[in-house]
Structures are given as C-alpha cells and as structure tokens.
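S.K.:
2 protein chains.
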Amino acid sequence: MTAIREFAITVRRASTKCAKVGHSSVSVARSLRKLSPTAFKTLRRVIAKVEHLDILGQKIRLNEREQESNKVIMAVKKEEISKGILDPSQFTPGQHIFKTLTEIRKSQIFNLIKRMPKGGVLHAHDTALCSTEYLISLTYRENLWICTANEGCDASALRFSKQKPQALNDCDWSLLSEVRAKYGSKRVDEYLAERLTLYPTTKFEDNNAAWSTFMNIFALLDGLVMYAPVWADYYYTALKEFYEDGVLYLEFRSLVPTLYDLNGTEFTAMDTVRIYVETLEKFKEDHPDFIGSRMIYAPIRNTNTEGLTSYINTLKEIKEKYPDFVAGFDLVGQEELGRPLRDFIDELLTIPEDIDFYFHAGETNWFGSSVDENLIDAILLGTKRIGHGFGLVKHPVVLDMLKKLNVAIEVSPISNQVLQLVTDFRNHPCSHFIADGYPVVISSDDPSFWKATPLSHDFYIAFLGIASQHSDLRLLKKLALNSIQYSSLSAEAQFDALEKWQAKWDQFIADVNENESNRGSPSQHLD
Amino acid sequence: MTAIREFAITVRRASTKCAKVGHSSVSVARSLRKLSPTAFKTLRRVIAKVEHLDILGQKIRLNEREQESNKVIMAVKKEEISKGILDPSQFTPGQHIFKTLTEIRKSQIFNLIKRMPKGGVLHAHDTALCSTEYLISLTYRENLWICTANEGCDASALRFSKQKPQALNDCDWSLLSEVRAKYGSKRVDEYLAERLTLYPTTKFEDNNAAWSTFMNIFALLDGLVMYAPVWADYYYTALKEFYEDGVLYLEFRSLVPTLYDLNGTEFTAMDTVRIYVETLEKFKEDHPDFIGSRMIYAPIRNTNTEGLTSYINTLKEIKEKYPDFVAGFDLVGQEELGRPLRDFIDELLTIPEDIDFYFHAGETNWFGSSVDENLIDAILLGTKRIGHGFGLVKHPVVLDMLKKLNVAIEVSPISNQVLQLVTDFRNHPCSHFIADGYPVVISSDDPSFWKATPLSHDFYIAFLGIASQHSDLRLLKKLALNSIQYSSLSAEAQFDALEKWQAKWDQFIADVNENESNRGSPSQHLD
Chain A
48 MTAIREFAIT VRRASTKCAK VGHSSVSVAR SLRKLSPTAF KTLRRVIAKV EHLDILGQKI
108 RLNEREQESN KVIMAVKKEE ISKGILDPSQ FTPGQHIFKT LTEIRKSQIF NLIKRMPKGG
168 VLHAHDTALC STEYLISLTY RENLWICTAN EGCDASALRF SKQKPQALND CDWSLLSEVR
228 AKYGSKRVDE YLAERLTLYP TTKFEDNNAA WSTFMNIFAL LDGLVMYAPV WADYYYTALK
288 EFYEDGVLYL EFRSLVPTLY DLNGTEFTAM DTVRIYVETL EKFKEDHPDF IGSRMIYAPI
348 RNTNTEGLTS YINTLKEIKE KYPDFVAGFD LVGQEELGRP LRDFIDELLT IPEDIDFYFH
408 AGETNWFGSS VDENLIDAIL LGTKRIGHGF GLVKHPVVLD MLKKLNVAIE VSPISNQVLQ
468 LVTDFRNHPC SHFIADGYPV VISSDDPSFW KATPLSHDFY IAFLGIASQH SDLRLLKKLA
528 LNSIQYSSLS AEAQFDALEK WQAKWDQFIA DVNENESNRG SPSQHLD
Chain B
48 MTAIREFAIT VRRASTKCAK VGHSSVSVAR SLRKLSPTAF KTLRRVIAKV EHLDILGQKI
108 RLNEREQESN KVIMAVKKEE ISKGILDPSQ FTPGQHIFKT LTEIRKSQIF NLIKRMPKGG
168 VLHAHDTALC STEYLISLTY RENLWICTAN EGCDASALRF SKQKPQALND CDWSLLSEVR
228 AKYGSKRVDE YLAERLTLYP TTKFEDNNAA WSTFMNIFAL LDGLVMYAPV WADYYYTALK
288 EFYEDGVLYL EFRSLVPTLY DLNGTEFTAM DTVRIYVETL EKFKEDHPDF IGSRMIYAPI
348 RNTNTEGLTS YINTLKEIKE KYPDFVAGFD LVGQEELGRP LRDFIDELLT IPEDIDFYFH
408 AGETNWFGSS VDENLIDAIL LGTKRIGHGF GLVKHPVVLD MLKKLNVAIE VSPISNQVLQ
468 LVTDFRNHPC SHFIADGYPV VISSDDPSFW KATPLSHDFY IAFLGIASQH SDLRLLKKLA
528 LNSIQYSSLS AEAQFDALEK WQAKWDQFIA DVNENESNRG SPSQHLD
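So the sequences go chain by chain: A and B.
Each residue of the first sequence is one higher than the last, beginning at 48 in the working numbering.
Each residue of the second sequence is one higher than the last, beginning at 48 in the working numbering.
(1) Identify whether Tyr181 (chain A) lies in helix, strand or coil by the three-state DSSP scheme.
(2) Closest to Ile322 (chain B) by C-alpha separation, out of B:Leu309, B:Ile338, B:Thr305, B:Leu528, would be which residue?
(3) Please report the distance separating the alpha-carbon of Ser417 (chain B) from that of Lys106 (chain B).
(4) Can you grab the Cα-Cα spacing for the pair Ser232 (chain B) / Leu223 (chain B), in whole Å?
(5) My guess is that Ile365 (chain B) and Val320 (chain B) are in contact by the Cβ rule of under 8 Å, so how many angstroms apart are they, rounded?
(6) Restricting to Cα atoms, I'd like to know which of A:Glu291, A:Asp292, A:Pro276, A:Phe289 is closest to Thr312 (chain A).
(7) How about the segment 464 to 477 of chain B and the segment 495 to 515 of chain B: do they share at least three Cβ pairs that are nearer than 8 Å?
(8) Using a Cβ-Cβ distance cut-off of 8 Å, determine whether Ser184 (chain B) contacts chain A.
(9) For the candidate residues A:Ser490, A:Asp447, A:Phe391, A:Tyr485, whose alpha-carbon lies nearest to that of His435 (chain A)?
(10) Chain B beta carbons: is any one of them nearer than 8 Å to that of Lys118 (chain A)?
(11) At 8 Å on the CB atoms, spell out the chain A contacts of His442 (chain B), in chain order.
(12) Among A:Lys331, A:Phe299, A:Pro501, A:Leu466, which residue has its Cα nearest to the Cα of Tyr405 (chain A)?
(13) Out of B:Glu457, B:Ser221, B:Val123, B:Thr411, state which residue places its alpha-carbon closest to the alpha-carbon of Phe157 (chain B).
(14) Which of the residues in the segment 543 to 570 of chain B, read from start to end, lie with their CB under 8 Å from any CB of chain A?
(15) Buried or exposed for Cys200 (chain B), please, with buried defined as at least 16 other CB atoms from any protein chain shown within 10 angstroms of its CB.
(16) Between Ile365 (chain B) and chain A, is there a C-beta pair that is closer than 8 Å?
(17) Quick check: what's the CA-CA separation for Gln467 (chain A) versus Ser136 (chain B)?
(18) Which residue from B:His143, B:Ala204, B:Lys88 puts its Cα closest to that of Asp219 (chain B)?
(19) Would you say Asp424 (chain B) and Arg92 (chain A) are within 8 Å of each other, going by their C-beta atoms?
(20) Can you list the beta strand (DSSP E) stretches of 3 or more residues lying completely in the segment 191 to 236 of chain A, in chain order?
(21) Measure the alpha-carbon distance for Asp280 (chain B) versus Tyr274 (chain B) and round it to whole angstroms.
(22) At what residues does the beta strand (DSSP E) containing Gly434 (chain A) begin and finish?
(23) Taking only beta-carbon atoms, is Asp505 (chain B) less than 8 Å away from chain A?
(24) Does chain B have any CB closer than 8 Å to the CB of Ile132 (chain A)?
(25) How about Leu422 (chain A) and His407 (chain A): do their beta carbons lie closer than 8 Å?
(26) Hey, would you say Ala171 (chain A) sits closer than 8 Å to Asp492 (chain A), going by beta carbons?
(27) Express the C-alpha separation of Arg386 (chain A) and Gly354 (chain A) in angstroms, rounding to a whole number.
(28) Figure out for me which residue from B:Lys450, B:Ile426, B:Val373, B:Asn463 has the closest Cα to the Cα of Phe437 (chain B).
(29) In the DSSP output, what is Glu457 (chain A) paired with across the bridge?
(30) Leaving out the 5 sequence neighbours to the left and right, which residues in its chain are closer than 8 Å to Leu148 (chain A) when beta-carbon positions are compared?
(31) Against Ala540 (chain A), what residues of chain B qualify as contacts under a CB-to-CB distance less than 9 Å, listed in chain order?
(32) Quick one: is Gln516 (chain A) near chain B, going by C-beta distance under 8 Å?
(33) Using a C-beta cutoff of 8 Å, does Asn349 (chain B) count as contacting chain A?
(34) Answer yes or no: does any C-beta atom of chain A fall closer than 8 Å to that of Phe337 (chain B)?
(35) Alpha carbon to alpha carbon, what distance is there between Glu237 (chain B) and Ile556 (chain B)?
(36) Is it right to say Pro569 (chain A) is buried, meaning 16 or more other beta carbons lie within 10 angstroms of its own, or is it exposed?
Next comes the structure, spelled out in structure tokens:
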C-alpha cells in the first residue's frame, strides 16, 4: 500500500505547511466568503493592482505629455481589441502573418508604432535584413549568374562572375540578364521574390520542413550578398531601412563568411569585418543621430570540436582587431539539427572572458530534449541574453535564474510563428514573460524572409497580441529602453545612446499630441 | 530627460541589488567561465536535477515492481518521441485530434494508458460524456421526433412525444423512424453522428465559431437526453464507459435541467438529481469496485442577478436534499459571451460556506479582458479548483496564490484544442504547470463531442505531448493520485477511494510486467 502511505504523507505535509502559516487552505478560502461584498471588492482591486504592477513596463511613470499620447494610443488599441472580441477572425494577431501583413500596415496602432523610436534590434541575422525590393534591385547588377535546374524553373544558386562560374551539381549556370531577356523581367522578379522569402506557405508540414525552406533561402542568397561590393551595400541599406523604421541601433549575428569579387581577390574573415566597420562609419557620418551597430560572431552550430576550435580562433582574431565592433559569440542554425551547447563546454570555457555570450537557446517545442536543455547550459555559461527562449516556460529554474542574473530574453514573435512554433500570437509564451516582468527585448530575427518591416510588425504583434490589454505606452517605452539597457554597449555608450533615443522619443510624443490636437481642432472650432 | 533619469535609477537599483547579494550579474556569469569543465558539468547536473525535481510527479518514489513497469513505459515513450523528432509531421500531439484519433488508438503508450487506473475525472459536462455509438442507439427508441429545415437537411431539435410536438420556428417535425425509412438508416445515422460531434471541422474561423457549433450540439441533444427514461440510462452508460476506460470516479458539472416524459409529468430539478442518485446507487451495486460520482451544479453564466438568485435557491434546495451527491457550484458557457464572476460577487458571497466553488475561469486567450480576470475572482472567492485555467500563465500572482492555497487546475487538453485555444499540444500552457509542479488534474470536458475515449486520449496527450520527455510513470501515478486528492470527496472517503484505486493499480503494474516478461520469454528460450 505504498500509494496510500505516500498519500497520507502528502496530506500531512500539506496540513503542516498550512499550520505553519497559521491557516488551512480551506479556512483561507472560506474566510474570504465571510467578507462583505465591499471588502471583497477592495481586496480584489488590491490583488488586480499587484498583478498589474508585475507586468513589464507598468512601473514606468509617464510625464504629462506622454500621458496625453498614451490616451491616443490606448484609444486605438481599445478599438482594435473590441473589434477583435466581436469578430476574432478579424483580429490580426490571431492569424498568420502572411495573411495579415498588408492589413496590419493599415492599422492605426501599427502606424503609431512605426513612427515610434523603438531603440535597438538585438536579435537579427545579417543576410536576412533587407527588403525584397532591395534584394531584387541587387539582382540587376552586372555579371550575375543564376544556376537553375528543371529547365530554368528551380534556382539553387547565384554568383557574380566575368565568365560562367564553376559547374555545380544538379543545375546549369546562365547569366541572369539573359534569363530576364528570355522570360521577361516581371516573371523572373516575381519568381525571385518568392524564392527569397518563405511566402506563400503558412503551414509547413512541420517545423523541420519550414527550417529546410528557410535554410534554402540563405543558400540562394549567399552568392548574391557575399560579393564584396554588395556586402557593403547590403549592410548600408539594412541600416538605412532599420533607421527609417525607427531603429537606432542594430546588434546582429553574422557567420562572418569569406567574401569574393570578380578579380579573384583572396578575402579573409578579417576583410568581412573590416568592410562592416568601414560601412558603419560611413553610415554614421551620413546619419549622425544613429546610435550604432555591433556584431555577434555566430557561426553554424552543426559542427564538431575541430570546427568549434577554428571558430574560436577566428573569434579571438576579429575581437582583437575590432574590439568595439565585435560584441560576442553565439552558434546558429536549427537547434534540433545542430549540436547542443553541452557538447562544446570544454571549448566554450576557453573563450576569453572579455568576449560575451549571446546564445540562441530553447527555440524548440520539444520539452526535455537536449536542445530544450540548451537553456540550462546557456544560463550557466553566463550568456548575457537568450536568443528566442521559446521553451523557457518549461524551465522555471532557468527563468528564476535569468531574472536574478538580469539576463534578457530576445523574443522574435513573427519568426516563431513562421517557423511553426506558435499559431495564434495570443498563445505565445512571451505573454508570461511580460506578465511576470521578465527582461524582454522584442526583435525581428529575419524580417527580410517574411517581408515584414525591420521591427514595427514584431512590436505591433507584441503590443496588440501578446501583451495584456492593459499594457500601454509604458510597455512600449520599456521595450525601447530595454533594447538599450540589454545591448552589449558599455554603460557609458548606453547613456549616449539614450540621449539620442530620448531626443527622438520627445519628438514622437510631441508629434502624436500635435496630430491629435489637429484632428480634434475642427470640432473644437465648431464649439 | 525623464527617461535618462529613470534609466539611471534602474541601473543604480540593479547594482544595489547585486551588491546586496554580494556580486554583480556580470561577475556571476563570468565567474562560471572560470570553472573547469569538470566543475561546470557537475554544476550543470545539479541544476538539471533541481529542475527535474520541480516537475510534477518527480518526487514520487516507485517500488521495484513499478520501476520495472516504468522501463516498459519509457521504452515505448522514447520510441514515439524519437520517431517524432525525426519526422515531426507524424508526431500525433503536434496535430489536430480529429486527424489523429484513430492513429492514437494504435499507439503502445495509448494502450498502456488505456489499461491504467487513472483515478477520477473531475471536469466533464453531463450531456457530453457518452460515445456517439450510444447516442445513435438512443435515437432508435420509439416516439422520437426530429425537427428539420431545408427539406430535411438541417436538424435543429429532437423530442420524444406520442403526437407531433409543438411547432418550432424554422423547422418541421417528423418521426425519426419515418425519416430513416425515407432516407435509409445508414445515411441518417451518419448525419446524426456528424451533428452530434464537432467533426469534421479542425479549423473554425475563430473560437466564437467553434463555440457556436459546440452550443448547437447541446441544443440538439437536449430533447434526446432530457427525456426522463433516457436521462437515467445516459448517466448509467456514461459511468460504464468511463469505468471501462479506467476511470473510477466522476465529478461532473450539470445544468440540472427539468426533464420530461410522454405522460406530461411535471418534473422538477429535484427529480433530475433524484434520478442521478438512484442511477448511481444502481451502478455502484453492479460495480462494487467503482468509487463513485458527485455533481457540481453549474448553470449557464449568461444570466442576470435574478437568474443567479434563482440558481442559488435551486442550489440550496438540492444540496439540502442530497448533501452527499452535490459537491458544489460553478457557472458554465463560453466565458466571453457570458458575464464575468465579478458581476455576481454580491450574490455569490451569500452562498452557504458548506457549498464549495469549482469555477471555470480563464478559458480564453484574451489577456487582460474581464473574462481573463475571472481567474482573480475565482481564487479570491475561494474556488477549490479552477476549470481550465488556460490563461493562468498570464497571471503569475494567481498562479502563486493557487500553489500556496493548493487549488488544483483542471486541464482538458483536447477541449482546448478543439475550441481553438491551442494548435500544437507541445505549446499548451500546461507544460508550465507540469514543469513547475502545480497541482494539475487531467480531464476530458466533453469527450462525446470529439469521439475521444472518456479520459485516455487526454492522458495520452498530456503524457506524450505536454509533459517533459523525462516525465515517466511517476507523472502518470501523480495525475491519478491528484484526481483523488483534489476531488470533492471528504478525507475519509478519499482514503476509501484510494484503496479501490490501489488494488487496480497493483493489478495494472503486475499486468504490464507479466506481459513484458511473456513478450521477452521466446527469445530467452532461444538462448
């Protein structure tokens, strides 16, 4: 009768525990029933208040001008939520982003968020940043070849070259300009636009299938963006597109690939970083109110010990040469198919302490798998932030540690949906992080691949679909501040960054209030 | 420069906090990097162990025989998970139950769970319990009329009557036997089987649409099951089907409707309960190893103050007459369309303290809505369990209170999927409850409407799709024990219940081990 004994022990423990705090759970419950309705309602208000105070951003105090803007923002938020409750099928965060992307652009909240200075993007991959329009424009450059199979129907690689590039398996090279001449630019552009995004598939058979398509885009892009002249331009354009979307700082992951050009120049990883640094300097000269950009070296996790050792050598080399530009280290690629962090502990612990970790971890729904437990290794390795952390709700101990250690969670809602981890954003685990005041930053991961704006779409989803209906401008401001506070910037650089952001924020608040008073003025004149 | 000041305060607070515990977060992180790989791995094991200990059921100690069975169970679980990781599209908990129901029946884990004594079902609605086959058999009884529109294509009501029943809007009455004669029994049965379940729609436009179809099933069933002779038989059959699925106790919600018969007898709510009590007695005589069944009176929440007052009168009356059978009170129906608990505080607080609450709360994905905040009212009203609690991860304060007050969460995974709250079970918030050791009971809500077994399908989903891969027989045993511990049964009755359950459990463990050793024996003979 083991179970009966266990059961008796449980009951005894429970009553001892209750006795310690001076009451049984039943008596607490019942004692509430003795309250007058007025007393109950007071208690209810207190508890609701305590709950609200835990919500991310609720402790921020808004000044009078901000309070005015907040009214405008909350009025439109309330309207979108009320419409959604009446007809949930029209509520955009309940649906797939591919169906709602354009609809969202019409939303008033979206347009407010778009104009808002949102701080920085701390989780994005360097070859998945730019708009499809820009990518297509790149394919009009001279000397670009495309490798196709199935009589031109299936493209698998792009490459700039004076002559026909080296033969590849399973496809034939043609000059893209000739392909355009043959099939018409419109058709070719449409084809490329589809191949360079995950559209139109909203429901892959599973997340492995989504990842496979996803990795194919990177493969197709490689020859296009790793062409040295394009590499610089792509980065400059990314910074520009992000800047225009209200992003003042970009901390991106890079594989730091080896570039090429038409002359057969032998490039090294160092050249790749040098081009980044030079381009950034140019961009900052052109945009003095921009905060900056830093790189996390993040090679593919599907490697072995030798591979990792070679990564570490590259890391040390680029960090030594560009200490201000290189923020830290990470490993990327589908976690399930790569190796878990625990396989590389020995090597990772040899990395010098001035290089911080920003590990991807828990981008999975397999609870208890070794991949899922990357979360434990990431936190124990002293990661400064967690990339994705989708599985964190399954790891209360890690959650507790990351709150105490002040480790931020980089949440990229749209990426999680497109890669099949969540369907309805209202069910995204980030609701829990926001509700319990965890340090969250909102990022966009690979906006290029889903035709989203650099950050506004993800902010919109977080604000309208993931956060509480009560979350207001304070959450938005907190998310912007977090993106500076949890960036890799030094404390001093963060204050400078904040100054730049604050100037734009004040302008934004003034604009919202001015627009509102203009909107209000005709009727005021009528009074 | 408000934000800069706020920011400075935040930074100062963070450093003060860190200083208090004697270190900064950075130094903790970095100090880990100074560990030797061996020391790191020890620490890693300790943290993983601490995490595992928090998981529901992990503290249970299995005896030797149970450990033997556990090996069998974990071998098949591991196999199903490994297959799933290789090809997630074949992993049943990642898909809609309507697509996998039959496939699941072939699973080895499912068949082990099916045979397992699972304790009690604590959340189910009394007219949504029986198999479709049984419902169809009921429609063959004499004097049953069906009201159809669109030339017989659309049924909206059923009723037993000697003559044609009173006319309804929008449909015409025919004798079902005549309809069968006209269209053929097979077609009619197939039609009814579809109308009495939510099949085949896996994706309703939104959860309002799912609820609307769902409520229509109840409406169609009303005239069939509220016929007094059927009422008794339906309940008896439900108990029998649950018993055969390894359920020894059933605590169900009932609207306590007024019944009717062919003679125009005037029934009251008291008669409805009397028939239940008499039927239960009969069932217990026929099945002396069955634990029992109790009723939670749970009328429709879409009402007003007068309605609630009338409910309370009925409640008091039935509780007085049948104190042992009536467990408590709840309100049911789609939370969004009904009234929130806070509207009825004054009335609810008048309910005598010997009547416990078992409130539905948080069966929604609208974070911060008044419906979502039913969770706060439920816990403050002293609810003994929370029905669904799907939104609990958005309410850390409520979660904290319910753990301290030992209030159980009644999780019905399949119901949540069918009613469009979750798509992939691996993303069900119950993962968090299990990971953090909250008191969870697994229930089936309305298994009739999705053709599921009375409890085994939900248990299977919880075990394979929601719990950790590490969760084993200890979780299954804990869930069974919880269903007794958190039932409304008195402490004494719980010990009796446990004795009945333990006998079956020991038999189950013996069977699993015997089967395994039989399976193993041929090859042993060959050695």
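In this text, a Cβ means the ideal position worked out from N, Cα and C, and glycines have one as well.
M.R.: From the atom records:
(1) helix
(2) B:Thr305
(3) 37 Å
(4) 10 Å
(5) 5 Å
(6) A:Pro276
(7) yes
(8) no
(9) A:Ser490
(10) no
(11) Glu98, Ala482
(12) A:Phe299
(13) B:Val123
(14) Leu545, Glu546, Trp548, Gln549, Trp552
(15) exposed
(16) no
(17) 11 Å
(18) B:Ala204
(19) no
(20) 191 to 196, 201 to 207, 219 to 222
(21) 10 Å
(22) 432 to 435
(23) no
(24) yes
(25) no
(26) yes
(27) 12 Å
(28) B:Asn463
(29) A:Gly434, A:Val488
(30) Trp497, Lys498, Ala499, His504
(31) Simply none; closest approach about 13 Å.
(32) yes
(33) no
(34) no
(35) 40 Å
(36) At Pro569 (chain A), the pLDDT of 47 sits below 50, so the modelled position is not reliable; the number obtained from the coordinates is stated separately. So Pro569 (chain A) counts as exposed.
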